Structure formats: structure tokens, C-alpha cells
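Novice: Residue numbers (the working numbering), protein chains in the order written: chain C, 1450 to 1901; chain F, 158 to 524.
Ideal Cβ positions, reconstructed from N, Cα and C, are used throughout, including at glycine.
These figures come from a predicted structure and were not determined experimentally.
Can you read through this structure? Questions will come right after.
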Amino acid sequence: MQTKILLDEEQMPKQWYNVQADLRSPLDPPLHPKTQKPIGPQDLAAIFPMELIRQEVTTDRHIDIPEEVRDVLRLWRPSPLYRAHRLEKFLKTPAKIYYKWEGVSPAGSHKPNTSIPQAYYNMKAGVERIATETGAGQWGSALAFATMLFGLQCTIYMVRSSYAQKPYRKSMMHVWGAECIPSPSTKTNAGRAMLEKDPDTPGSLGMAISEAVEDAASHTNTNYALGSVLNHVCLHQTVIGLECREQLAMVDDYPDVVIGCVGGGSNFAGISFPFAGDKLTGKHKDVDIVGAEPASCPTLTKGLYTYDLADEAGYTPLLKMFTLGHDFVPPSMHAGGLRYHGDSPIVSRLVHDGVMRAVAYHQSEVFDAAQTFARTEGIIVAPETAHAVKAAIDEALKCNKTNESKTILFNCSGHGNFDMSAYDAYYAGSLVDYEYPDELIKEAIARIPKIS
Amino acid sequence: MKKIGFLINPIAGMGGAVGLKGTDGKREEAIVRGAVPQAINRAKITLNALKNDKNLIFLTPSGEMGEDALKETHLEPVQVISYPENESTARDTKIAAQRFLEEGVDLILFCGGDGTARDIFDIVGRNVAILGIPAGVKMYSGVFAINPSVAAEVVTGFEVQSLRDSEVMDVDEDAYRNGELKTRLHGIARVPYLAGKTQFSKQIYEDSNEERAKKDIARFIHEIMIPDVLYILGAGTTLEAIARETGLHKTLLGIDAIKNGNMIARDLDEKTLWALLEHEQETKILLSPIGAQGFILGRGNQQISPRIVKRVGIRNIIVVSTPHKLRETPVLYVDSGDPVLDQDFGDFVQVISGYRIAQRRKISQLP
């Protein structure tokens, strides 16, 4: 009974897969926040290196992974694919459950898959410092690790509520030599304006993005890096799904269902885009691709598909995506990494076109699933990842009813070793099941001429 | 050891069963109408549940105001601190409260109604924590435990540092008997609660400031208010904040109605409310659960009767509450007066707790 399916280091993908090549029609272009006209490469050059801008817009199907990047990825890649025998047995399910374990990276999640290439391209472009934001701290620690390896300085604006809640993520950033600042801060105009408006704000990813973008735009030696949402970030994460496809082929299998949790969409994109490509090109028309999101911030299930800002202050381009509104500050639930008002434009498009679908869960049912997973497979997952676990368990239980032996694949995107206070809250019965009052909002939107 | 000042208002609740809507100054009349004292029996439920707590010293007035119940339930040690007249009055309650204050008790546990809470609060203010065993006719104040058994749990479990603010309400009894609810906020008392249930407050950053939460809720409700819909606003400071956001002044404990940004009616009674609804195409009711007791309907808003709920429709009831209050309200109840209607509320209710944020909360069966 094989549990781990492993690839050799040399079987690690040499190219990323770009799903933009296989979309039924091109993505709607990002618009300039002021002119509302499509932006060009020059509009982004102040904060991104040219190679990443190229990757953002290209429709080439395959993009080479630089050897220097593969060299670093080798530290933990290829990551293992597990068959969840014990979980299957516990659920008494005829389904086969596989999970891709991304928690083996030094930062403990999938995030270094993109922080490494982003730091690399910035280093190549002669950039000295990178400014970024982080929600729960996963991205911040991953970028701190990457910038250290390529000799760059790193400034991280960490969402204030997480800064207080997750001190060890902050400590990791310090170990890897980065500076970590709670956001909103007094360091930027955007931060000062937000503090003036609301001194007690818990902060949000949207606010922290504004601060990091401003920092990058106002210093010539500094660029900006984003840990999710953007096309090039999703591109870098496709190593996950590409490896999975190879690993499943080794056991002569192919998924019926592919699952990931969704905040900005990058880990979901990572595991699912290669399979979405198979679906779009007709190789596997029936693969069911499912994004799992929190009921408190249900962007894909309850949001509107429209142009919206990616940040709070309005520095970023307008992106066509599912959004709850850039001024929405999601509640401080434990899956801080999923607290984002918008979503990857590519993921949004694929959901809008019916290539993928989404489900939303309340906190306590998500932790029920995480507990089941920890008590069967052993891994204590991050609260974000627990959403994917919940969706996988639900899909398996559906198979119990239909007696189908589906192959379910989910992205086990990160460990929860720094999230034990969330588990403590679960056991104390103090988890709050936040939800988004979408019916009230929709009714109002439908009947009020304009709602800001 | 915890020093517990224990006090019963022996006549509390007597007026209710015989339609007096309160017993202050009406003891004779209540007895004539056939009322029997019941506060002592309510108190004894709490006392019986405290038998195994060896960590308590009781200070109490003599006789029916406390000493008798403690003796009958064999609780000790007991120290008698005042000697009321045969027919105890509000004055005796105040004397006992003064003595509790002088003796430095950790908590005043009283059995009574709003009147008793008010009398004690007038003497001790925010200097001593108070907790009510519910026994009165009217219990609008948030200082009462949900029932006598829970009162015992709180007495055993509370730490001196785990106190919260809670409303002490003033209800004009004469006006109330005439079918008029004249109420006002009398003061904010310190009330113990079970710390174990809320110890993760640090996790939820935005909960820290209740005023801010009220503003966020108000901003959201204001945003989703629809033209030409009548909004009935229930009692409480959260609803008051919603009215303020709309630029209106709302009664704190009354039921008010607004439409198209205007105050249509204030402090409505059931009949006037019913008449008002007759001409309305569409109505929504905004309610907030009462204090730690968690009643969405049936406490402090009896004007919203079953027929009114049916007319408006349960789906048009919007429940709002600050995260702070919800944290201290582990269970929510509906007690509309019609048990079948109560069932129709279902097992869960969505409570608006912030700007575009809600919490899914369980509705429990009445204890």
C-alpha cells in the first residue's frame, strides 16, 4: 500500500504552465485606476521587473524556469503526493483521496514557489530592496527567505491583526533578515491616511498592499512583490499541479476532482491550472475543479464579477475579478490568508466561465475537518488549508452516497504549527462562524440605484 | 473565599401573574388578587446549586430577605448584616446594599426584578458587581442570569476581574400598567460573567471597541436600507446607533419606526404598531438580543407580538448585535409568546455584527 508518491529532483518541472494560452478568449486587461484605460508594461515598470511584467501578460503556453530558481526549489521540491489511506478508511469512503503536501518548504507553505522566482528576477534587474504585504504571515516569511537567498533587502507590511496574533511568523521574517512592520503604519501616506480615518482598524490585506506599493513606487531601488492574485504568481505556482499530474500518472490515475483553498487564488491556481488546461483543451473535459473559500469572505460564491481595485487606497490597477468591494474589511477569522476582497483574475474568469466552481464554509466546520485530518493523516494543517480539507472530505462523503470511487486531489498548502491558538479557540468553543450577509446586500443592490 | 451579599426581594414577581405588571407599592393588592410569593423559590434553585461550593461566605438580611432561604437550603457560613421590617420595602433593600458595600463583598447576588436591581445599583453603583436571579415581572436590565441555575454557575465561576458592563433599566410602573412602556437607561452596572467562555477575546481584534462595532453595524444597515420600506427598530443602544447613522434620534428602549429616512413613529405599543403596518407594503424589523440573556423576541420588546411577526414575516427580521455582546451571549432565544412561531425561526439566525459582516448563531430551545 503506497502512501507517498515521489518524483526525483530531475523530474521537477523545467517549465511553468500558462493557462492564459488555453483560455477561450483573452483576459480583460487591467485598467489604470485614474484613466480607466488599459495599462501598458511601462505603467508597471516602476514597481515590477520587466520579466515579471512579461510573464503577467504573455500567452505563451510554457515558460522556462531559470536554472538558478530550480536550484533553490530543489531544497524541498518535488514535494510529495500522499494517498490519504487513513482518512479514506475513517470516512469509509470508496473515493481515493490524494493530497499534495506543500508544507515541506522552509516557510511551511506553497508561497516560496513564487517568492523564489520573484526575488530572482528582481535581483537580475538590479533591484536592491523589495516591499511587500502579508496577511497571515505565510507570504512575508516566504519572501523574507527568498530575498535573503538572492541578497536583497526586504520590507514587509503585515496586517495589524495578524501581527498581534501570529508573533512567530514575524520572528521567522526576522531570522531571514527582513523588516516587518504592522500595517497600517505611519511610514506611508496611505497608512497615515487610514490611521487617521480609523485609529483602531485591524488592518486588511488591501491596506497593506497600498502601503507596500507606495513604498516601492517612492523608492527607486525598491520594487514591489505580491504573493497571490496576479497572473505571474499563479504561473509560478503551477509547479504544484504539474508535479501532481506526473505523480498520479505514476500510479495510473487522474483526478476526477481537484480542490484548493482560495484567498487570492494562487495555491488553488497552482494545483488546478494544469488540470484546467486539460479541461479547456478537451483532454479531460469532466474534471471537476473546486475552490474552497470562507463564508465570511466568500468572494467567488457571493461576489460580483466586475472591475475593482486590488488594494484599499487605489494605487493598483483595476482588475476584472470576483470582488466583495475593495473597501470591504473581512472579519479577523483565523484563516487570515483567505481575507482578501478580490481574487485572481484568471481564477475569476475560469469560475465565471464554469471551468471551475467554488464552495464556502464556516469556521467551525472547517476546523472539524482539520481535526479529522490531523487525527487520521497526522498533519496539523493551517486554517486556510483546512478549507481544502473540508471540501475534500465533503466530496468523499458524496461518493459514499453514490458509491462512486472518484479520485480526489487536494492541495495541502501549508502546516498550522503557528496557528495553534486557532485550534485552542476551536476546542474552547469560541470560534465565531462569521458569514457574509449577501442576501441583504444583493436585495439592496438590486433596488437602490447606486450603492457605494 | 468569595464574599457574597445575598438578598431576596420577597414580593418580586407577585404582580405579574395577576396582571399588575410590577409589584412596587402593590403588595396588598397583589395578595388580594391571589398572588403568592415566588422569589424565594427561585432563589432556592440557585442556592441549592451552590451547595457544593465551599468557597463562599454569605452576608444577608434577616428573615425572608435572605436568611430564611439560606437556612432552608443549609448553606453556610452566613452572616446577617441587617434586620428589615416585617414587610420589607425598597428601603430595606437599600439598607442591605449599603451594608454589603461597607462589608466589601465581592458580589451582590439578588433575587428580584428591575426594581430590585435599580435599588441596589443606586447604592453601590459600579463599586460592587451585581448579579440577578430572575424573579421579577419586568427584567429589562442586563444584570440577570438567564435562569436561577445559570446564576449559580456564574457565582461559582466568576473571577473578580472578569466583569462586564450591563444596563440597569428604569421602567415607569404606573405608566407601564397603563399599557405605556416608559423606559430609560438608569445606569451601567458591573456584572460578572464566565471568563472561560470568552478568554480568546484577543484573537478577534475588532471586537475590542464596542462603540466602533456599533458604528460599523449602523453604517452597513444604513447602506442596505431600501426606499419605501418601513423599518421597525427594536430596543437598545445598537438600534439607537442605527437611527443616529440615519440622522434620527431613537428612544433607547422603545420600538420606533422609520421610513425613507424619516422617523414615522416613536415608542410604539402593539396596537399602534399593528395599525401602522396595515398601510405598509413592506416592512422589516431590526432587533438586537437583550444583554447576556440573549432573547431576540419576548424580553423588552413584547410590543412585537406574534401577529406582528407573522404579518411582517420572519425573513424580514434582521438581527443585529455587537461582537462584544454576542461573545457574552452564548445562546440566543426566541420567546414571541407563540411557540409554533418560535419554531419557525429555525436553528440558526444570522446576526449582523459589523460592516458587511454577520455571525451565524444557534437559536436554542427555551430553558
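What three-state label does DSSP hand C/Arg1523 in the structure shown?
Specialist: coil
Novice: Just by C-beta distance, which residues in the stretch 1826 to 1846 of chain C are closer than 7 Å to chain F?
Specialist: none
Novice: Kindly indicate the opening and closing residues of the beta strand (DSSP E) around C/Tyr1673.
Specialist: Thr1671 to Ala1674
Novice: State the start and end residues of the unbroken beta strand (DSSP E) segment that holds C/Asp1737.
Specialist: It spans Asp1737 to Pro1743 - the beta strand (DSSP E) in which C/Asp1737 sits, taken as one unbroken run.
Novice: Spell out whether any CB of chain F is found under 8 Å from the CB atom of C/Glu1660.
Specialist: Chain F contact via Cβ: absent.
Novice: So F/Lys428 and F/Asn473 are supposed to be a Cβ contact under 8 Å. How far apart are they, rounded?
Specialist: About 20 Å separates the beta carbons of F/Lys428 and F/Asn473, which is beyond the 8 Å limit, so they are not a contact pair.
Novice: Determine the chain F residues that contact C/Leu1889 at a beta-carbon separation under 8 Å, and present them in chain order.
Specialist: Ile381, Ile475 and Ile509
Novice: My guess is that F/Ala309 and F/Ala206 are in contact by the Cβ rule of under 8 Å, so how many angstroms apart are they, rounded?
Specialist: About 3 Å separates the two Cβ atoms, so the contact holds.
Novice: Would you please state the rounded distance, in angstroms, between the beta carbons of C/Pro1543 and C/Asn1852? I believe it to be under 8 Å.
Specialist: 6 Å
Novice: Just to make sure I have the definition right: I need the residues of chain F whose C-beta is within less than 8 Å of the C-beta of C/His1775. Which are they?
Specialist: Here the premise fails: no neighbours, minimum Cβ distance about 12 Å.
Novice: Curious, which full-length alpha helix (DSSP H) runs of at least 4 residues does the stretch 235 to 315 of chain F contain?
Specialist: If only complete runs of 4 or more residues are kept, the stretch 235 to 315 of chain F shows the alpha helix (DSSP H) at 247 to 260, 271 to 281 and 305 to 314, in order along the chain.
Novice: Using a Cβ cut-off of 8 Å, pull out every chain F residue sitting near C/Ser1745, in sequence order please.
Specialist: Here the neighbours are Ile514.
Novice: For F/Asn419, would you say it is in contact with chain C, using Cβ-to-Cβ distances shorter than 8 Å as the test?
Specialist: no
Novice: Taking only beta-carbon atoms, is F/Arg369 less than 8 Å away from chain C?
Specialist: yes
Novice: Does the Cβ of F/Ala370 have 16 or more other Cβ atoms within 10 Å, making it buried, or fewer, making it exposed?
Specialist: With 16 or more Cβ atoms within 10 Å of its Cβ, F/Ala370 is classed as buried.
Novice: If we count the other Cβ atoms within 10 Å of its Cβ and call it buried at 16 or more, is F/Arg526 buried or exposed?
Specialist: Because chain F here runs from 158 to 524, residue 526 of chain F falls outside it and cannot be looked at.
Novice: At the 8 Å Cβ level, is F/Asn366 part of the contact set with chain C, yes or no?
Specialist: yes
Novice: With a threshold of 7 Å on Cβ separation, who are the neighbours of C/Lys1460 within its own chain once the five nearest residues in sequence on each side are excluded?
Specialist: The residue asked about is misnamed: residue 1460 of chain C is Gln in this sequence, not Lys. If we look at C/Gln1460 and ignore the five residues flanking it on each side, its Cβ neighbours are Pro1527 and Glu1695.
Novice: Could you give the distance in angstroms between the alpha-carbon of F/Gly170 and the alpha-carbon of F/Ile188?
Specialist: 12 Å
Novice: Let me see if you follow: with CB-CB separation under 8 Å, is C/Tyr1963 close to chain F or not?
Specialist: The shown model of chain C, from 1450 to 1901, leaves out residue 1963 of chain C, and the question about it has no answer.
Novice: Got a sec: which bits of the stretch 1777 to 1805 of chain C sit with their beta carbon under 8 Å from any beta carbon on chain F, in order along the chain?
Specialist: Here the close residues are Phe1777, Val1778, Pro1779, Pro1780, Ser1781 and His1783.
Novice: Pull up the distance between the alpha-carbon of F/Ser306 and that of F/Ile202, whole angstroms please.
Specialist: C-alpha separation (whole angstroms): 6 Å.
Novice: Where does F/Gly503 land, buried or exposed, given buried means 16+ other C-beta within 10 angstroms?
Specialist: Taking a 10 Å sphere around the C-beta of F/Gly503, we find fewer than 16 other C-beta atoms and assign the residue as exposed.
Novice: Note down the Cα distance separating C/Met1607 from C/Gly1726, rounded to an integer number of angstroms.
Specialist: 34 Å
Novice: If you run the structure through DSSP and keep just helix, strand and coil, what is C/Gln1469?
Specialist: C/Gln1469 falls in the helix class under three-state DSSP.
Novice: Does C/Val1711 have its Cβ less than 8 Å from a Cβ in chain F?
Specialist: no
Novice: Using a beta-carbon distance below 8 Å, is C/Pro1886 in contact with chain F?
Specialist: So yes, C/Pro1886 belongs to the interface.
Novice: Under the assumption that C/Thr1730 contacts C/Tyr1466 (Cβ atoms under 8 Å), give the Cβ distance between them as a whole number of angstroms.
Specialist: With 8 Å as the limit, C/Thr1730 and C/Tyr1466 do not qualify as a contact, their Cβ atoms being about 11 Å apart.
Novice: Measuring only the C-alpha atoms, how far is F/Ala398 from F/Ile378?
Specialist: Annotation: F/Ala398 to F/Ile378 spans about 10 Å, alpha carbon to alpha carbon.
Novice: According to DSSP, what are the bridge partners of C/Trp1602?
Specialist: Rather than Trp, the amino acid found at residue 1602 of chain C in this sequence is Gln. DSSP lists C/Arg1578 as partners of C/Gln1602.
Novice: Assuming C/Gly1655 contacts C/Asn1860 (C-beta within less than 8 Å), just tell me the rounded distance between them.
Specialist: Going by Cβ atoms, the distance from C/Gly1655 to C/Asn1860 rounds to 24 Å, so no, they are not a contact pair.
Novice: Is the CB of F/Arg517 under 8 Å away from at least one CB in chain C?
Specialist: yes
Novice: Taking the C-alpha atoms as reference points, what is the distance between F/Glu185 and F/Gly272?
Specialist: Roughly 17 Å between the two C-alpha positions.
Novice: For the alpha helix (DSSP H) containing C/Ser1797, list its first residue and its last residue.
Specialist: C/Ser1797 -> alpha helix (DSSP H) spans Pro1794 to His1801.
Novice: Please classify F/Asp385 as buried or exposed, where buried requires at least 16 neighbouring CB atoms within 10 angstroms.
Specialist: exposed
Novice: Check whether the Cβ atoms of F/Ala226 and F/Ile238 sit closer than 8 Å, and answer yes or no.
Specialist: no
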